[in-house]
Structure formats: C-alpha cells, structure tokens
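J.:
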Amino acid sequence: MRKLAPAAFSLAAIALLGACSQGEEGPTQRQQIGQSWKYETKQPQGGGTPVQLAYIGSANSVATMTAPDTFAVLLLQKLSNGEAELTVKLVGAPFSCDLSDCAIAASVDGKPAETWKGRVTDAKDGIEIPPARKAADAIMDSRTLKVDLVTGPKETHSFTFNTAGFHWKG
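Here the sequence shown is numbered in the working numbering, starting from 7 and rising by one per residue.
1) Can you find the residues in the same chain that come closer than 6 Å, C-beta to C-beta, to GLU161, ignoring five residues on each side of it along the sequence?
2) Just the Cα atoms here: how many angstroms apart are PRO56 and ASP115?
3) Taking only runs of the beta strand (DSSP E) that begin and end inside the segment 69 to 100, which ones reach a length of at least 3 residues, in chain order?
4) Considering only the beta carbon of each residue, do ALA99 and THR166 sit closer than 8 Å?
5) Threshold first: 4 residues or longer. Then list the alpha helix (DSSP H) segments lying entirely within the segment 32 to 63, N to C.
6) Quick check on this structure: which residue in ALA90, SER148 and LEU81 has the alpha carbon closest to the alpha carbon of ASP131?
7) Less than 8 Å separating the beta-carbons of ILE133 and CYS103?
8) Does the Cβ-Cβ distance between LYS123 and ALA111 come in under 8 Å?
9) Where do the ends of the beta strand (DSSP E) carrying ASP154 lie?
10) Assuming ALA144 is part of the alpha helix (DSSP H), what are its boundary residues?
11) Check ALA111 in the structure and name its three-state DSSP category.
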C-alpha cells in the first residue's frame, strides 16, 4: 500500500474533522483564547532559545460583513533583551491599514488615545508594533486598553481588553 502524501493526509484529516464537528460543536476560537491573560513558551523551529508568549482576547466582539463575532487579540512576545514585541490581531474580519503608514489608535486606562505605528503582519491579520514604541510596556502596567481597528471599507470598531494582572512567568 502506498503512503499518502502529507498534503493528501492533511486534506483527509480536515475533511474528517469537518464531518465530525457537524454534530457536536466545541468552544469557539474566541472562547478558547478567552479574555484573561494566557502564557505559553514555544520552542522555535530549528532550535534556539524558547520564546515566551502572552496573549489575551478582547472583552467585546462586533458584527462585521465577514463574521458576526469579530474580535481582537493582543499578543506579546518576550525578546532576549527583556523587551517585548506587541502584535494586535483581528479575528473574523480582514485587518486593513495604509502600508506606508500602518497605525492604530490606542487608549490605555482611559487616557487620550495615542497613535501606535508599526507594520502589517505577514499574515495580513494585524499590526506589529516595534519594541522601541514602548506600547508593550504600557500594556503590561495597565488595567484596560482600547484600540480602534479598521474592519472594512470606511468601517472602524473599538475593541477593549481587560489587561490587569499581566506578569511574565519564569
């Protein structure tokens, strides 16, 4: 009997999962991520120093043209120099920004909004804010964060995160 190619095996597994999931639904992606900090340590492909990650989902979701439950996720990645890289992702709707000036409005603990500039993620689902912007530091010491994200043509939505209680493990 011939071995199945990895791609064919993956397609078969996806089809099987899809058939199984029709009868019994598990937690949604929003429920899996949750609205409180979660921490993981990932081993980079090819070896190297493990990477610490922290992430949290927005406390609210909005209906968009592409999904009735669009939400946002904050992802912090601890760098080897002790700083953190921040990524703000949008789940359920395409993220949009001006590639020459990719930015979002962010308000920490109800203070006036600041503009955080960065670059669109490789997956084009969010914005990466460089450590030099100190956005991650502001989040780590905050209780709440509100970000305004473009979710469609001429459409912007606010997402709120309950960021209190953040702490790197280890």
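Every residue, glycine too, gets a C-beta built ideally from N, C-alpha and C.
T.: According to the structure data:
1) Short of 6 Å from the beta carbon of GLU161, and not among the five residues preceding or following it, lies no beta carbon of its own chain.
2) So the alpha carbons of these two residues sit roughly 32 Å apart.
3) The qualifying runs are 77 to 84 and 90 to 97.
4) No; because the gap between Cβ atoms is not below 8 Å, this pair is not in contact.
5) Within the segment 32 to 63, the complete alpha helix (DSSP H) segments at least 4 residues long are 35 to 39, listed from N- to C-terminus.
6) Sorting ALA90, SER148 and LEU81 by C-alpha distance to the C-alpha of ASP131 places LEU81 at the top.
7) Yes, Cβ-Cβ distance for ILE133 and CYS103 is below 8 Å.
8) Not a contact, by the Cβ cut-off of 8 Å.
9) 150 to 158 is the extent of the beta strand (DSSP E) around ASP154.
10) Counting along the chain, ALA144 sits inside the alpha helix (DSSP H) bounded by residues 141 to 146.
11) DSSP places ALA111 in strand when its eight states are reduced to three.
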